[in-house]
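Report on the structure given below.
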Amino acid sequence: EDKVVQSPLSLVVHEGDTVTLNCSYEVTNFRSLLWYKQEKKAPTFLFMLTSSGIEKKSGRLSSILDKKELFSILNITATQTGDSAVYLCAVEARGAQKLVFGQGTRLTINP
Amino acid sequence: DAGVIQSPRHEVTEMGQEVTLRCKPISGHNSLFWYRQTMMRGLELLIYFNNNVPIDDSGMPEDRFSAKMPNASFSTLKIQPSEPRDSAVYFCASSRDFYEQYFGPGTRLTVT
Numbered sequence: 154e155d156k157v158v159q160s161p162l163s164l165v166v167h168e169g170d171t172v173t174l175n176c177s178y179e180v181t182n183f184r185s186l187l188w189y190k191q192e193k194k195a196p197t198f199l200f201m202l203t204s205s206g207i208e209k210k211s212g213r214l215s216s217i218l219d220k221k222e223l224f225s226i227l228n229i230t231a232t233q234t235g236d237s238a239v240y241l242c243a244v245e246a247r248g249a250q251k252l253v254f255g256q257g258t259r260l261t262i263n264p
Numbered sequence: 175d176a177g178v179i180q181s182p183r184h185e186v187t188e189m190g191q192e193v194t195l196r197c198k199p200i201s202g203h204n205s206l207f208w209y210r211q212t213m214m215r216g217l218e219l220l221i222y223f224n225n226n227v228p229i230d231d232s233g234m235p236e237d238r239f240s241a242k243m244p245n246a247s248f249s250t251l252k253i254q255p256s257e258p259r260d261s262a263v264y265f266c267a268s269s270r271d272f273y274e275q276y277f278g279p280g281t282r283l284t285v286t
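Chains as they are written, first to last, in the working numbering: chain D, 154 to 264; chain G, 175 to 286.
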């Protein structure tokens, strides 16, 4: 059965800190890994990763995938209170098109 | 584009009643997904359609749940009869081919 495990489940840091969120997975015929940010409403797309070792970057957020060790990390530098959210990791199996989500990491940034 | 549209945004109903949730995907997207989110189980895929055809409904909890997609711009998720354990936020998402999924705002369902 395809599985996605995120850690930590909850994280509280101060504004300005750097955080690293982890996502490990087990999936048959891996195709892609996606990161979403969920605030009070629906998840919004952040990154899609398909190749190992290539960093995706958007402002203070970056992510990288390791297909050999079956994990991905999401880094956020110089955190701001607006980064407070649940960050979801999901994987897609080739040919399946459906996503399997992890439980999410609840990130709280205190001023 | 208005994004994925869901209605109602909130639904409170009594146990045993029928509940119908509605979704309009983003125009041009050919895949539609129904998810359920709870604190205990996180975000779970219930069913998804490709070109209006149900592809995988293995996530549908039981026979009380049914989903239809009569055309490319509309889908429904029906629960009949509803039970308190169905209380959750139900998300609809759409995508074009194999690209990222865009989520609707969700319907918060409370069954008393």
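Every residue, glycine too, gets a C-beta built ideally from N, C-alpha and C.
Please read these numbers as outputs of a predicted model, since none were measured by experiment.
With a threshold of 8 angstroms between beta-carbons, can residue i be considered close to chain D, or not?
i	result
G:Gly278	yes
G:Glu185	no
G:Gly202	no
G:Leu217	yes
Assuming residue i and residue j form a contact by the criterion Cβ under 8 angstroms, report the distance between their Cβ atoms to the nearest whole angstrom.
i	j	result
D:Asn182	D:Gly248	7 angstroms
G:Met243	G:Leu206	6 angstroms
D:Leu252	D:Leu187	7 angstroms
G:Gly280	G:Cys197	The Cβ separation is near 10 angstroms, so there is no contact.
D:Val244	D:Val157	6 angstroms
DSSP on residue i, reduced to helix/strand/coil?
i	result
G:Arg183	coil
G:Arg259	helix
G:Asp230	strand
D:Gly235	helix
D:Arg184	strand
G:Leu251	strand
D:Pro264	coil
D:Gly212	coil
D:Gly255	coil
G:Thr140	As displayed, chain G neither begins before 175 nor continues past 286, which places residue 140 of chain G out of reach and without an answer.
D:Ile217	strand
G:Pro189	Reading off the sequence, residue 189 of chain G comes out as Met, not Pro. The answer is coil: DSSP assigns G:Met189 none of H, G, I, E or B.
D:Pro161	coil
Return no unless some Cβ of chain G is closer than 8 angstroms to the Cβ of residue i.
i	result
D:Leu187	yes
D:Lys194	yes
Looking only at DSSP bridge pairs, what is residue i linked to?
i	result
G:Ala176	DSSP, once it has assigned bridges, lists no residue as partnering G:Ala176.
G:Arg196	G:Ser181, G:Thr250
D:Leu191	Checking the sequence, you will find Gln at residue 191 of chain D rather than Leu. BP columns for D:Gln191 point to D:Pro196, D:Val239.
G:His203	In DSSP, G:His203 forms no bridge with anything.
G:Arg282	G:His184, G:Val263
D:Leu227	D:Leu174, D:Ser216
D:Ile207	None, per the DSSP bridge assignment.
Any heavy atom of the ligand GTP closer than 7 angstroms to the beta-carbon of residue i?
i	result
G:Thr250	The model depicted lacks the ligand GTP and carries no ligand whatsoever.
- Relative to chain D, which residues along the region 230 to 251 of chain G have a C-beta separation below 7 angstroms, given in chain order? Asp230
- Task: Could you run through the region 196 to 227 of chain D and flag, in chain order, every residue whose CB is less than 8 angstroms away from some CB of chain G?
- Result: Pro196, Thr197, Phe198, Met201
- Between the region 242 to 256 of chain D and chain G, which residues of the former have CB atoms less than 9 angstroms from a CB of the latter, in chain order? Ala243, Glu245, Ala249, Gln250, Lys251, Leu252, Val253, Phe254, Gly255, Gln256
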